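Below is one structure; the comments refer to it alone.
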Amino acid sequence: MARFLVFVLVVASHLFAGFSTQLLPSPAHGNMISILSIDGGAIKGIIPAVVLDHLDKALKVE
């Protein structure tokens, strides 16, 4: 379990370090709505939720 946690933390740190805060153009899909579904509950859902929260904050247009 400890090895898995270390692996996840290393991967997450590499992901966070590689994100750029440059603005991306808006998608031109008209009225299309994209839905992301992440399977996993309890503790398995915490890491994806944290990653998505970081992505949301990093990609917000102010």
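Residue numbering for the sequence shown follows the numbering used here, starting at -13 and increasing by one per position.
The beta-carbon is built from N, C-alpha and C at its ideal position, and this holds for glycine as well.
Quantities reported herein were computed from a predicted structural model and do not represent experimental measurements.
Cβ contact annotation for Ile19 (same chain, cutoff 8 Å, sequence separation greater than five): none.
Between Ile24 and Gly31, the beta carbon gap of about 7 Å places them in contact (Cβ cut-off 8 Å).
Phe(-10) and Asn17 have their C-alpha atoms roughly 40 Å apart. Each residue's CA atom was taken as its position, placing Val36 and Asp42 some 10 Å apart.
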